[in-house]
Every structure is written in structure tokens, then in C-alpha cells.
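In what follows, a single structure is set out as C-alpha cells and then discussed.
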Amino acid sequence: APVAFTQSLQHQVNEDDICAIIQSQKHMLSRFEKTNEMLVNCNSLLTSRYLGASKELKKQKTFLIDLKKDLESVFRRIRFLKMKLSQQYTEAFSASSINVLDEEEEQEEKETETGTSTVKECGTINVSSSGSRGSSPCSISSPSTSDT
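For the sequence shown, this note's numbering assigns the number 133 to the last residue and increments by one with no breaks.
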């Protein structure tokens, strides 16, 4: 009886279907192995590039830190020299700083006369074609012919 039962089960399974399933599984296995190999290669390539970029980034970081220290040293020396000069030559130093402010004001006036737009320190911007300032204290104005 058990032999007859096993033979009947063997006849129900088609040999061609089993072979097709095995071939399909072998094909998928080879594709997965190729994909895995490609991913391993990609990972190793990315690792080497990451290490190179990491070293370069560290070099740039140390360069920027050194540059910052140098600039801080320069500005500290400039502040010290300004302080020393302002103590030694009080009148001349105050007159020269006033002249610098006057030159900056003249520069701003020239810019507004030539028609360049000025931006005040604010988040909102109003553009007026009539040359008048907007209601906001911070605006961009383009001078018109009636302003000159």
C-alpha cells in the first residue's frame, strides 16, 4: 500500500515543471550572485573614495582653522594699532574717522544720483516706479526723472 501511494504521487508531479523550476532558480541565483558582486565592488569603490574625500576635508578644515587664527591675529593687531594711534594722536585720528564717514556718505549720494537701487536693512522690499519710498521703512527705490 505505501509503495502504491508513493508511485501515485510521483506520477502527479510533472518532470518538465520541476526542471523548469530548478532552471529558473539557478538563473535567479546567478543573477543574485552577479548583483551581490557588483554591490561589493561598488561598496569598496565608495569606501576608497570616502577615505580620500575625508582626508581632503580634514586638510581643508585645518587650513580654514589656521586661516581663521591668522585673521583673528591680524584683526587683533589692527585693533591694537588703532587704539594706540587714537591715544597718541587723538585729534588726527578723530578727524580721519570723520573723513571716512563723509566719504561713505558721498559714495551713497553718488549711487542714488546715478540710479542704482539701494537696499535698506529689512526683510521687506518695496519697489516704487514713481521714485517715492514705499510705506515700509525698508524699501528699494528706483529714482525717476522727476527726482533729479
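Even glycine gets a Cβ: it sits at the ideal position worked out from N, Cα and C.
Bear in mind the structure is a predicted one, so any value in this text is a computation, not a measurement.
- My understanding is that F78 touches S71, with C-beta atoms under 8 Å, so please give their C-beta distance in whole angstroms. 4 Å
- Which of helix, strand or coil does DSSP assign to N28? helix
- Message: Measuring straight from C-alpha to C-alpha, what distance separates T32 and K43?
- Response: 16 Å
- Could you check what DSSP says for V(-12) in three-state terms: helix, strand or coil? helix
- Query: Is V59 helix, strand or coil by DSSP?
  - Reply: helix
- Would you mind sorting L30 into buried or exposed? The rule is 16 or more other CB atoms within 10 Å of its CB. exposed
- Does DSSP put N(-1) in a helix, in a strand, or in coil? coil
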